[in-house]
Amino acid sequence: MGPLDDQVVREDSLTATADGLDIAVYSHWYRALPLTSLAHIDLTVDGRRIDPDTLSVTANGHRYEFGELADRTDDFWFTTDPVVLHVPVSTASGRRHRVQLLLGLSIPYILTGPDRVPLLAPSSTDKTLTAA
Amino acid sequence: MTDTAPGLPRLGITLFSLTLEQRAPGNDLAALIRQVADRDLGPGVEMVAFQSLRGWPRLDDEAVREVRGLIADSGLTPACLAVNLDLALHPGRLLTDDEAYDYVAVQMRSAAALGFPAVRVGAECGPAIMTRLLPLAEELGVKIGVEIHAPLTIDAPPVAELKELFTRLDTEWLGFIPDFSASMRAVPAAVDDAHRKAGIPPELTALTRRLWAEPGPTMAKFPELERRATELGASPAEIGNLKMIFTMHGRMDPERWADFFPHVIHVHGKFYGVFDGEDPSIDFPAIARVLREQGYTGFISSEYEAHAYTDRYSAFDQVRAQHDMLKRLLEDQPATVVSP
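Sequence order for the protein chains is A and B. Following this note's numbering, the numbering of the first sequence begins with 1 at its first residue and continues without gaps. Following this note's numbering, the numbering of the second sequence begins with 1 at its first residue and continues without gaps.
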């Protein structure tokens, strides 16, 4: 809802690669979070929903399958660094894509409700951008 | 660094105020600390370790030397380091007490290495963990303060338990860090900016403001907000945003700040905007008076948080305005003798 939400996906976030579309994503939370906090990546590109199990994610120079992030309790997504989503979508430099992303970050120090579940902080993006 | 007169609370800043500025190109930690010093926004400096320190919680010796050097060269005084207990670190379960102790202990050792005299934890760091951390606090010479932030108040059960613990242990090493968000007199205007941008109908925001201002405990108002907002057609996501108004802006009587004493080790000067020398949403004259009456001489870290709602204002300018206001309020009031 605030200014950081506008920066989750930036004007220069899209890059065409040999194996698909890379999307650089910035955190809408003010502090570094463990990679386990990347709980929900609900991504639609050009109207096609991307199964999270087909995504891989580069954080801190390491590439993980999305499902592997749940074990990365010692790795933190620093405030000013992007993580890069590797999306199996064919593209080319100069092509435009509509990116709809609902990013749900699990906030590990804010527990809610009687069951003490972590707050899920959502951020919603809908932008049409050109791949570099 | 401009300081308040001796015997008064001292001013400072938490770099959390500069959350948006941190994202601007070139504004690394060194640049932010330099700008804080150049603008005379100390003398105290606080930061959220996980926000400002790459590699936290395990800093190598070179990183420690670098950060210590940045602060020393700036002329600022380390006031407090905000650390976190990430109880829900592992999906599907909470940390055990042993894991929780270790998670905070590592950060306390790093805080001590950096030269901070105190760390801030949240209320999720309850009496059992605090009791276990006490010997480490004494060993390291680092106080541990539990931040009391909206929606918590002095009367909330977890806070009452902590007060009982601090009274029983009678130690200078554990205590409270009250946050001005617990005692607000109005919902900040910046909320309207964010709601407008998010497409939340103005009548929903107005309804929430009205309910917020009504007498009675905030926690009891959530169901009524949900019912009435639903009647007006609010979506679940909109209701979530409306509830944040109740969660982030507490309504504790400022006079009750006296009840945190004598266990106050640090203060968070949360605010959402000072305009023409006044803060419309927080009763600073009342809080400043209570802090003086209690003889508080620790730091007030200015914590500008309207950046969560709007980027319309410069956080640097806002902290300057709050410092000017606080200095005036603290120094203009006649000294009050506190009975022992």
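Backbone N, C-alpha and C fix where the C-beta goes; we use that ideal spot for every residue, glycine too.
Taking only beta-carbon positions, decide if residue i is within less than 8 angstroms of chain B.
{"i": "residue 106 of chain A", "result": "yes"}
{"i": "residue 78 of chain A", "result": "yes"}
{"i": "residue 111 of chain A", "result": "yes"}
{"i": "residue 61 of chain A", "result": "no"}
{"i": "residue 70 of chain A", "result": "yes"}
{"i": "residue 32 of chain A", "result": "yes"}
{"i": "residue 15 of chain A", "result": "no"}
{"i": "residue 100 of chain A", "result": "no"}
{"i": "residue 3 of chain A", "result": "yes"}
{"i": "residue 82 of chain A", "result": "no"}
{"i": "residue 54 of chain A", "result": "no"}
Tell me whether residue i is buried or exposed, calling it buried when 16 or more other Cβ atoms sit within 10 Å of its Cβ.
{"i": "residue 12 of chain A", "result": "exposed"}
{"i": "residue 126 of chain A", "result": "exposed"}
{"i": "residue 277 of chain B", "result": "exposed"}
{"i": "residue 251 of chain B", "result": "buried"}
{"i": "residue 24 of chain B", "result": "exposed"}
{"i": "residue 317 of chain B", "result": "exposed"}
{"i": "residue 275 of chain B", "result": "exposed"}
{"i": "residue 219 of chain B", "result": "exposed"}
{"i": "residue 165 of chain B", "result": "buried"}
{"i": "residue 323 of chain B", "result": "buried"}
{"i": "residue 216 of chain B", "result": "exposed"}
{"i": "residue 34 of chain A", "result": "buried"}
{"i": "residue 279 of chain B", "result": "buried"}
{"i": "residue 147 of chain B", "result": "buried"}
{"i": "residue 312 of chain B", "result": "exposed"}
{"i": "residue 230 of chain B", "result": "exposed"}
{"i": "residue 124 of chain B", "result": "buried"}
{"i": "residue 93 of chain A", "result": "exposed"}
{"i": "residue 179 of chain B", "result": "buried"}
{"i": "residue 86 of chain B", "result": "buried"}
{"i": "residue 118 of chain A", "result": "buried"}
Taking 8 angstroms as the CB-CB cut-off, is residue i touching chain A?
{"i": "residue 212 of chain B", "result": "no"}
{"i": "residue 62 of chain B", "result": "no"}
{"i": "residue 109 of chain B", "result": "no"}
{"i": "residue 238 of chain B", "result": "no"}
{"i": "residue 318 of chain B", "result": "no"}
{"i": "residue 311 of chain B", "result": "yes"}
{"i": "residue 90 of chain B", "result": "yes"}
{"i": "residue 50 of chain B", "result": "yes"}
{"i": "residue 288 of chain B", "result": "no"}
{"i": "residue 124 of chain B", "result": "yes"}
{"i": "residue 16 of chain B", "result": "yes"}
{"i": "residue 102 of chain B", "result": "no"}
{"i": "residue 32 of chain B", "result": "no"}
{"i": "residue 94 of chain B", "result": "yes"}
{"i": "residue 189 of chain B", "result": "no"}
On the DSSP bridge list, what partners appear for residue i?
{"i": "residue 251 of chain B", "result": "B:183"}
{"i": "residue 304 of chain B", "result": "B:271"}
{"i": "residue 278 of chain B", "result": "B:275"}
{"i": "residue 135 of chain A", "result": "Residue coverage of chain A in this structure runs from 1 to 132, which leaves residue 135 of chain A outside it and unanswerable."}
{"i": "residue 125 of chain B", "result": "Residue 125 of chain B pairs with nothing; no bridge assigned."}
{"i": "residue 64 of chain A", "result": "A:57"}
{"i": "residue 13 of chain B", "result": "B:45 and B:302"}
{"i": "residue 9 of chain A", "result": "A:25"}
{"i": "residue 17 of chain A", "result": "A:20"}
{"i": "residue 175 of chain B", "result": "B:145"}
Rounded to the nearest angstrom, how far is the Cβ of residue i from that of residue j, given a contact under 8 angstroms?
{"i": "residue 1 of chain A", "j": "residue 194 of chain B", "result": "5 angstroms"}
{"i": "residue 51 of chain B", "j": "residue 39 of chain A", "result": "Contact doesn't hold; Cβ gap of about 20 angstroms is too wide."}
{"i": "residue 102 of chain A", "j": "residue 51 of chain A", "result": "About 14 angstroms; that fails the 8 angstroms criterion."}
{"i": "residue 308 of chain B", "j": "residue 17 of chain B", "result": "11 angstroms between Cβ atoms; not a contact."}
{"i": "residue 19 of chain B", "j": "residue 30 of chain A", "result": "5 angstroms"}
Quick one: residues in its chain with C-beta nearer than 6 angstroms to the C-beta of residue i, no 5 flanking neighbours on either side, listed in chain order?
{"i": "residue 8 of chain B", "result": "330"}
{"i": "residue 54 of chain A", "result": "88"}
{"i": "residue 142 of chain A", "result": "Here chain A covers residues 1 to 132 and nothing more, so residue 142 of chain A does not appear."}
{"i": "residue 21 of chain A", "result": "87, 89 and 91"}
{"i": "residue 116 of chain B", "result": "78 and 81"}
{"i": "residue 5 of chain B", "result": "331"}
{"i": "residue 14 of chain B", "result": "46, 301 and 303"}
{"i": "residue 154 of chain B", "result": "256 and 259"}
{"i": "residue 104 of chain A", "result": "39, 40, 120 and 122"}
Between which residues of its own chain and residue i is the CB-CB distance below 8 angstroms, once the five residues before and five after are set aside?
{"i": "residue 70 of chain A", "result": "36"}
{"i": "residue 101 of chain B", "result": "129, 132 and 133"}
{"i": "residue 113 of chain A", "result": "none"}
{"i": "residue 115 of chain A", "result": "none"}
{"i": "residue 128 of chain A", "result": "96, 97, 98 and 99"}
{"i": "residue 325 of chain B", "result": "274, 277, 278, 279 and 284"}
Apart from the five residues just before and just after residue i, which ones in its own chain have a Cβ nearer than 7 angstroms to its Cβ?
{"i": "residue 60 of chain A", "result": "75"}
{"i": "residue 343 of chain B", "result": "Residue 343 of chain B falls outside the range modelled here, since chain B spans only 1 to 340, and no answer is possible."}
{"i": "residue 224 of chain B", "result": "211"}
Can a CB atom of chain C be found closer than 8 angstroms to the CB of residue i?
{"i": "residue 118 of chain A", "result": "Absent from the structure is chain C; the protein chains it does hold are A and B."}
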